[in-house]
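Asker: My questions will all concern the structure given below.
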Amino acid sequence: MRLLIVTPICLLVNTCLLYQPNKFLRESSIAIAACLAGLMQLYLEINRSQAASAFVQMTVLAVVLFINIVMRLRFPYAFTASAVMLIGDVIFLWNDRMLSQADKTYGLSLSICAVIITLMATYSSCREERLNYLLHLRGEMLVIDLNRLNAQLLRRSESDALTGLANRHSFDAQYADLWKKTLIEGTALSVIIVDVDFFKRLNDRYGHLYGDEVLKRIGSLLQQALRVKDDFAARFGGEEFVILLPATHETAAIQVAERLRKMVELAGFPALDPSQGPYDMSIRATVSCGVATAYPITGDIPERLLEAADKALYQAKAEGRNRVCSAPQTTRSKIV
């Protein structure tokens, strides 16, 4: 009987477990197989002998321990399987004629105690697993939040709060990296320094809040003037901005600067609040740009390229503003 019924079912359960079934199928198949084996043993040993009837009580305990302690089924499945085994034991003891009433009471009490104790252990284990899972999820969420906050802090540390462009610290790091890359690849590196014309007069006339709005607009237009993702723009300080153009020769850099200059001139400054009075026509919405290009060689000083662009900017200012000037060629540093 055991060989024909219980063994095939146990083999079927083992085969199913190899394919990683879902939770319901896995838990229920183990519970059914264990209960079937235990109930079959009770059925086969009933009314055979006093020793067999007493010994078969150990089967109930073994099945309960297997389900609740060894396999550690989830509490609903463990509770159901334990209840089935306990009901089967009650039916067995009710119909068995070999055991005395005292032996039946002792056997049933032992089964009830085993079921209660193992179910308590199962419940505690399941509760601990749920708590550990929740703590694990909480830890993952904390890690995600921490990474998000770190990313925000990194962005804030590298960007200018007013314009959203990179700040001076971020520019210095990017400039150093691009200089090394350009030195290795032997390509050109162009720099454009942009200065807002008449900015001090604008601040004095309309206030610093309006000046901030002007800087925001210039920053937005500057981003639109960039060509590719490798182009880099930053706020250099005050009303000055800087653009890095890797692998860009002088002519292309001048074109970028000229495009930015025209965009600012066409867009104009932000609208004035009526309380700020009429617009001063002597303050024009323009920028001046200084362009410098270098083909770095070993021994060149990176700051010379910035100095050349700064000198070109002052030349544009001296020539009347609202224009683009490029640095003159210097053979030693290969800046054109």
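Using the working numbering, read the sequence shown as starting at 4 and increasing by one per residue. For each residue, glycine too, the CB sits at the ideal point set by N, CA and C.
List the whole-angstrom C-beta distance separating Ile300 from Ala256, where the pair is believed to meet the contact cut-off of C-beta under 8 Å.
Answerer: Residue numbering aside, residue 300 sits at position 297 when the sequence shown is read from its first letter. Residue numbering aside, residue 256 sits at position 253 when the sequence shown is read from its first letter. Not confirmed; about 19 Å, so no contact.
Asker: Use the C-beta contact count for Phe27: other C-beta atoms within 10 angstroms, 16 or more gives buried, fewer gives exposed.
Answerer: If you number the sequence shown from 1, residue 27 lands on position 24. So Phe27 counts as exposed.
Asker: At which residues does the alpha helix (DSSP H) containing Leu113 begin and terminate?
Answerer: Along the sequence shown, read from residue 1 onward, the residue named residue 113 stands at position 110. Its alpha helix (DSSP H) spans residues Gln104 to Glu161.
Asker: Would Val199 pass as a contact of Arg264 if the rule is Cβ separation under 7 Å?
Answerer: In the sequence shown, counting from the first residue as 1, residue 199 sits at position 196. In the sequence shown, counting from the first residue as 1, residue 264 sits at position 261. No, the Cβ-Cβ distance between Val199 and Arg264 is not below 7 Å.
Asker: Measure the alpha-carbon distance for Pro43 versus Arg141 and round it to whole angstroms.
Answerer: Looking up residue 43 in the sequence shown gives position 40. Looking up residue 141 in the sequence shown gives position 138. Looking at the sequence itself, residue 43 is Met, so the reference to Pro does not match. Answer to the nearest angstrom: the Cα atoms are 46 Å apart.
Asker: Is there contact here, the region 113-133 with the region 147-164, by at least three beta-carbon pairs under 8 Å?
Answerer: No: the two stretches stay apart, fewer than three of their Cβ pairs being nearer than 8 Å.
Asker: By a C-beta neighbour count over all protein chains shown, 10 Å radius and 16 as the cutoff for buried, is Val231 buried or exposed?
Answerer: Working through the sequence shown from its first residue, we reach residue 231 at position 228. Exposed: under 16 other Cβ atoms inside 10 Å.
Asker: Under 8 Å by Cβ, that's how I've got Asp92 and Ser114 pegged, so tell me the actual separation to the nearest angstrom.
Answerer: In the sequence shown, the residue the question calls residue 92 occupies position 89. In the sequence shown, the residue the question calls residue 114 occupies position 111. Right, the Cβ-Cβ distance comes to about 5 Å (below 8 Å), so this counts as a contact.
Asker: Is there contact here, the region 170-183 with the region 216-227, by at least three beta-carbon pairs under 8 Å?
Answerer: Segments in contact, no.
Asker: Counting Cβ pairs, one atom from each stretch, are 3 or more of them under 8 Å apart for the region 71-86 and the region 27-41?
Answerer: The region 71-86, when compared against the region 27-41, does touch it at the 8 Å Cβ threshold.
Asker: Once DSSP output is grouped into helix, strand and coil, what is the label at Pro299?
Answerer: The residue labelled residue 299 in the question sits at position 296 within the sequence shown. It is coil, neither helix nor strand.
Asker: Roughly how many angstroms lie between the CA atoms of Tyr298 and Glu143, to the nearest whole one?
Answerer: Your numbering for residue 298 matches position 295 in the sequence shown. Your numbering for residue 143 matches position 140 in the sequence shown. Tyr298 and Glu143: Cα-Cα distance of roughly 48 Å.
Asker: Pick helix, strand or coil for Asp99, following the three-state DSSP scheme.
Answerer: Locating residue 99 in the sequence shown gives position 96, counting from the first residue. Here Asp99 sits in coil by DSSP.
Asker: For the beta strand (DSSP E) containing Asp215, name the first residue and the last one.
Answerer: Position 212 of the sequence shown, counted from the first residue, corresponds to residue 215. Segment His211 to Ala228 is the alpha helix (DSSP H) holding Asp215; no beta strand (DSSP E) there.
Asker: From Arg100 to Asn50, what does the alpha carbon distance come to, in whole angstroms?
Answerer: Translated into positions along the sequence shown, residue 100 becomes position 97. Translated into positions along the sequence shown, residue 50 becomes position 47. Roughly 6 Å separates the two Cα atoms.
Asker: Rounded to whole angstroms, what is the Cα-Cα separation between Arg335 and Tyr209?
Answerer: Here residue 335 corresponds to residue number 332 of the sequence shown, with the count starting at 1. Here residue 209 corresponds to residue number 206 of the sequence shown, with the count starting at 1. Any reading at Arg335 must be qualified, since the residue scores a pLDDT of 38, below 50, and its modelled position is unreliable; no value is offered.
Asker: Would you report the Cα separation of Trp182 and His139, rounded to the nearest angstrom?
Answerer: Within the sequence shown, the letter at position 179 stands for residue 182. Within the sequence shown, the letter at position 136 stands for residue 139. Computed Cα separation, rounded: 45 Å.
Asker: Does Asp233 pass the burial test, meaning 16 or more other C-beta atoms within 10 Å, or should it be called exposed?
Answerer: As a working mapping, residue 233 is identified with position 230 in the sequence shown. Result: exposed.
Asker: Going by the CB atoms, is the gap between Phe202 and Ile286 shorter than 7 Å?
Answerer: Along the sequence shown, one-based indexing puts residue 286 at 283. Along the sequence shown, one-based indexing puts residue 202 at 199. Taking 7 Å as the Cβ cut-off, Ile286 and Phe202 do not qualify as a contacting pair.
Asker: Given this structure, state the Cα-to-Cα distance separating Met61 from Gln23, to the nearest angstrom.
Answerer: For the purposes of this step, residue 61 is taken as residue 58 along the sequence shown, with counting starting at 1. For the purposes of this step, residue 23 is taken as residue 20 along the sequence shown, with counting starting at 1. Approximately 31 Å, taken between the alpha carbons.
Asker: Roughly how many angstroms lie between the CA atoms of Arg159 and Ala315, to the nearest whole one?
Answerer: Position 156 of the sequence shown holds residue 159. Position 312 of the sequence shown holds residue 315. Near 31 Å, if we compare the C-alpha coordinates of Ala315 and Arg159.
Asker: Given a cut-off of 7 Å, decide if Val67 and Ser85 are closer than it, judged by their beta-carbon atoms.
Answerer: Against the sequence shown, residue 85 aligns to sequence position 82. Against the sequence shown, residue 67 aligns to sequence position 64. The answer is yes: Cβ separation under 7 Å.
Asker: Mapping DSSP to helix, strand and coil, what is Phe244?
Answerer: By one-based count along the sequence shown, residue 244 stands at place 241. Phe244 falls in the strand class under three-state DSSP.
Asker: In three-state terms, what does DSSP make of Asp233?
Answerer: Here residue 233 refers to the residue found at position 230 when the sequence shown is read from its first residue. Note: Asp233 maps to coil in three-state DSSP.
Asker: Could you tell me the distance, in whole angstroms, from the CA atom of Asp180 to the CA atom of Asp283?
Answerer: Residue 180 sits at position 177 when you count from the first residue of the sequence shown. Residue 283 sits at position 280 when you count from the first residue of the sequence shown. Between Asp180 and Asp283, the C-alpha separation is close to 43 Å.
Asker: Would you grab the beta carbon distance between Arg171 and Ala237 for me? Rounded to a whole angstrom, and I think it's under 8 Å.
Answerer: Counting from one through the sequence shown, the residue named residue 171 turns up at place 168. Counting from one through the sequence shown, the residue named residue 237 turns up at place 234. Arg171 to Ala237, Cβ: 7 Å. Contact.
Asker: Assign Ala57 to one of three DSSP states: helix, strand, or coil.
Answerer: Start at 1 with the first residue of the sequence shown, and residue 57 comes out as number 54. Residue state, collapsed to three classes: helix.
Asker: According to DSSP, is Ala169 part of a helix, a strand, or is it coil?
Answerer: For the purposes of this step, residue 169 is identified with residue 166 of the sequence shown, where counting begins at 1. Of the three classes helix, strand and coil, the one that applies to Ala169 here is strand, per DSSP.
Asker: Output needed for Ser162: all residues of its chain with C-beta closer than 8 Å, excluding positions within five of it in sequence on either side, in chain order.
Answerer: Taking the first residue of the sequence shown as position 1, residue 162 is located at position 159. For Ser162, where only same-chain residues beyond five positions count, the Cβ hits under 8 Å are Leu168, Ala169, Asn170 and Ser173.
Asker: Note down the Cα distance separating Glu253 from Ser193, rounded to an integer number of angstroms.
Answerer: To locate residue 253, count along the sequence shown from 1; it is residue 250. To locate residue 193, count along the sequence shown from 1; it is residue 190. Spanning the two alpha carbons is a distance of roughly 7 Å.
Asker: Could you please give the first and the last residue of the uninterrupted alpha helix (DSSP H) stretch that includes Ser32?
Answerer: Here residue 32 is taken as the residue at index 29 of the sequence shown, counted from 1. Lys26 to Glu48 is the span of the alpha helix (DSSP H), which, as asked, contains Ser32.
Asker: In angstroms, rounded to a whole number, what distance separates the CA positions of Asn206 and Glu243?
Answerer: One-based indexing of the sequence shown puts residue 206 at position 203. One-based indexing of the sequence shown puts residue 243 at position 240. Each residue's alpha carbon lies about 14 Å from the other.
Asker: Residues in its own chain within less than 6 Å of Gly189 by CB, not counting five upstream and five downstream?
Answerer: For this step, residue 189 is matched to residue 186 along the sequence shown. So the list is empty, once near-sequence residues are dropped.
Asker: Name, in chain order, the residues that DSSP records as bridge partners for Asp198.
Answerer: Working through the sequence shown from its first residue, we reach residue 198 at position 195. Bridge partners of Asp198: Glu243 and Ser291.
Asker: Exposed or buried, which one is Gly222 when buried takes at least 16 other CB atoms within 10 Å?
Answerer: In the sequence shown, counting from the first residue as 1, residue 222 sits at position 219. Buried: at least 16 other Cβ atoms inside 10 Å.
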